[in-house]
Amino acid sequence: MKRLAGAAAIWIILALPYNRSLLEAKLVTHQFLQLGGLALAGYLLGSVLRQRCDSIVEPYNYRGVPGLLLTVFALLIWLLPRSLDASLLDSGWEIAKFVTVPLLIGLPLAFSWPHVTVIGRGFVMANFAAMLVTMGVLYRVAPQRLCTNYLIEAQQSFGAYAMAAGVSLAIGCVYYVLAVSRAD
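Note that my numbering has the sequence shown beginning at 57, numbered continuously upward.
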């Protein structure tokens with residue numbers, strides 16, 4: 057019940073007009089805090105629902121692969137600069153963001169992650185780290201603005217943060233693998 061309350065609290069806090077405008081003012085906070093928070097709210101909701109509905113969903117989510125694919129494709133859509141711009145300019149896109157990020161990224165991840173093998177988890181995390189670094193490099197070196205609602209300096213700043221997050225995730229994955237291999 058605490059997770060459900062936490063999911064609702066995160067979603068409501070992120071949906072408040074003041075917080076929305078504050079987080080959407082900078083590309084870094086828009087991408088990492090708002091989208092990440094919405095995904096976390098969906099994950100918490102999914103962890104509650106998984107306890108009740110996993111036996112129903114499991115036959116359709118073999119080893120978590122279909123749910124991870126849904127998560128990846130939805131994430132790819134929301135990482136596109138065009139989608140972020142649209143969510144700032146069109147209330148329909150803004151509503152879609154607040155619905156689809158929790159329900160199509162966080163929720164399926166919560167249902168799928170426990171069923172993914174250790175190798176599969178490593179594969180997903182390594183690819184996510186590589187994607188963050190690649191995206192960061194692209195945002196840093198692009199000669200023109202990718203998101204038209206943010207200045208080039210904000211784009212370059214986001215690129216640096218994305219690269220740092222990707223490298224940190226990669227280091228964390230290596231540390232995890234070393235810790236697991238020592239435990240065996």
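Where is the CB? At the ideal position from N, CA and C, for every residue including glycine.
Under the assumption that proline 158 contacts alanine 71 (Cβ atoms under 8 Å), give the Cβ distance between them as a whole number of angstroms.
For the purposes of this step, residue 158 is identified with residue 102 of the sequence shown, where counting begins at 1. For the purposes of this step, residue 71 is identified with residue 15 of the sequence shown, where counting begins at 1. With a Cβ gap of about 11 Å, proline 158 and alanine 71 do not count as contacting.
I'd like the span of the alpha helix (DSSP H) that includes glycine 102, first residue to last.
Position 46 of the sequence shown holds residue 102. Boundaries of the alpha helix (DSSP H) around glycine 102: 92-113.
Let me know the secondary structure DSSP gives proline 170 once reduced to three states.
For the purposes of this step, residue 170 is taken as the residue at position 114 of the sequence shown. Three-state DSSP puts proline 170 in a helix.
Measuring only the C-alpha atoms, how far is glycine 93 from arginine 238?
Counting from 1 along the sequence shown, the entry for residue 93 is found at position 37. Counting from 1 along the sequence shown, the entry for residue 238 is found at position 182. Approximately 33 Å, taken between the alpha carbons.
Quick check: the Cα distance between leucine 91 and threonine 85, rounded to an integer number of angstroms?
Reading the sequence shown from its first residue, position 35 is the one you call residue 91. Reading the sequence shown from its first residue, position 29 is the one you call residue 85. Straight-line Cα distance between these residues: approximately 9 Å.
Could you tell me the boundaries of the alpha helix (DSSP H) in which leucine 70 lies?
Against the sequence shown, residue 70 aligns to sequence position 14. It spans 58-71 - the alpha helix (DSSP H) in which leucine 70 sits, taken as one unbroken run.
In three-state terms, what does DSSP make of lysine 153?
Position 97 of the sequence shown, counting from 1, holds the residue named residue 153. In the three-state scheme derived from DSSP, where H, G and I count as helix and E and B as strand, lysine 153 is classed as helix.
Would you kindly work out how many angstroms separate the C-alpha atoms of glycine 62 and phenylalanine 154, rounded to a whole number?
Here the question's residue 62 lines up with position 6 in the sequence shown. Here the question's residue 154 lines up with position 98 in the sequence shown. So the alpha carbons of these two residues sit roughly 16 Å apart.
Is it true that the stretch 108-125 meets the stretch 158-174, where meeting means three or more beta-carbon pairs spaced less than 8 Å apart?
The stretch 108-125 vs the stretch 158-174: in contact.
Using a 10 Å radius around the Cβ and a threshold of 16 neighbouring Cβ atoms, would you call leucine 144 buried or exposed?
Position 88 of the sequence shown, counting from 1, holds the residue named residue 144. Classified as buried, leucine 144 has 16 or more neighbouring CB atoms from the shown chains inside 10 Å of its CB.
Roughly how many whole angstroms lie between the Cα atoms of leucine 132 and alanine 235?
One-based indexing of the sequence shown puts residue 132 at position 76. One-based indexing of the sequence shown puts residue 235 at position 179. Using only the alpha carbons, I get a separation of about 31 Å.
Cβ of alanine 142 within 7 Å of Cβ of tryptophan 149?
Start at 1 with the first residue of the sequence shown, and residue 142 comes out as number 86. Start at 1 with the first residue of the sequence shown, and residue 149 comes out as number 93. Yes, these two residues count as a Cβ contact at 7 Å.
Assign valine 174 to one of two classes, buried (16 or more other C-beta atoms within 10 Å of its C-beta) or exposed (fewer than that).
Start at 1 with the first residue of the sequence shown, and residue 174 comes out as number 118. With fewer than 16 other Cβ atoms within 10 Å, it is exposed.
C-alpha distance - tyrosine 99 paired with leucine 165, whole-angstrom precision:
What you label residue 99 is simply residue 43 of the sequence shown in a count that begins at 1. What you label residue 165 is simply residue 109 of the sequence shown in a count that begins at 1. Tyrosine 99 and leucine 165: Cα-Cα distance of roughly 7 Å.
Selection from Gly215, Met181 and Phe214 that minimises the alpha carbon distance to tyrosine 232:
Mapped onto the sequence shown, residue 232 falls at position 176. Of the listed residues, the one whose Cα sits closest to tyrosine 232 is Met181.
Nearest candidate by alpha-carbon position, reference asparagine 183, set Val223, Gln200 and Leu160
Locating residue 183 in the sequence shown gives position 127, where the first residue counts as 1. Of Val223, Gln200 and Leu160, the residue nearest in Cα terms is Val223.
Contacting residues, own chain, Cβ-Cβ under 8 Å from arginine 201 (five flanking each side not counted)
What you label residue 201 is simply residue 145 of the sequence shown in a count that begins at 1. Leu207, Ile208 and Gln211.
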